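Here the structure is laid out as structure tokens; the discussion comes afterwards.
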Amino acid sequence: MEENEKEFLVHKIRDLKDHFAKGDIASLKSSGGDFAELAFLRQEKELVDFSIVAYSLAKFLEKPYILESSEWKDFSLKTAHDLEQCAIHLEHDQLKEYTEQLSAIISEINKISFYLGRFTTSVVEKARIKAGAQMYAHGASLGKAAYLSGAEKDELAKYISETRLPEKYLSLSLAERLKKAEELFES
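Under this note's numbering, think of the first position of the sequence shown as 36, with each following residue one higher.
The structure is reproduced here in structure tokens:
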């Protein structure tokens, strides 16, 4: 990974941590979309994991019964700490530790989702579908969006068909996608 790409990603991870610490649901959802789009443009599954984290945390913050649970405080402090550790590991080129830390965050999100959630589908699975839909909206084929996001293709297709995504977004040509990716890394 080039230095400017690494710095950009470290910045985005810290932004994600800050949005969570502030309880900024809209910014978390926006970060989730940004990570999903970036994952598609760079064809990197690990970036989808940050999208999943962002969408999942936003969903938790929308649920008063989760925020009022006795488990929430420890979970939120640990998650903010773990996101910072991800950024630090990446800064120091500790890629194994960075990947392990990110996996641990998703594992903790899954645990609290199953423990406190009221639905049979975990928040992580819902976030995978949301990330896949974002990629689809930005030009990925249904198969590619399902592959990168880890969402079930049938579930993703069902979700997309229930939205206005095909109407809302125009498909971008490869040249337009590359230009957009370059603009992301220039900022």
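Note that the Cβ used here is the ideal one computed from N, Cα and C, for glycine as well.
Source: prediction; values computed, not measured.
For A168, the enclosing alpha helix (DSSP H) starts and ends at 158-172. In the DSSP assignment, A122 falls within the alpha helix (DSSP H) that extends over 107-126.
Taking 9 Å as the cut-off, the beta carbon of D84 is found no closer than this to the beta carbon of S148. Sequence-distant partners of A93 (beyond 5 residues in either direction) whose C-beta falls short of 6 Å from its own C-beta, in its chain, are I60, L63, K64.
In this structure, the beta-carbon distance from A172 to F70 does not fall below 9 Å.
Under the 8 Å Cβ criterion, the stretch 116-135 does not count as touching the stretch 186-196, having fewer than three qualifying pairs.
Beyond the five residues adjoining it in sequence on each side, I87 comes within less than 7 Å, by CB distance, of I141, V159, A162, R163, A166 in the same chain, given in chain order.
In this structure, S184 sits away from A89, with a CB-CB distance that is not shorter than 9 Å.
Shortest Cα-Cα distance from S66 to any of E79, K47, R77 involves K47. At least 9 Å separates the beta-carbon of F43 from that of T114.
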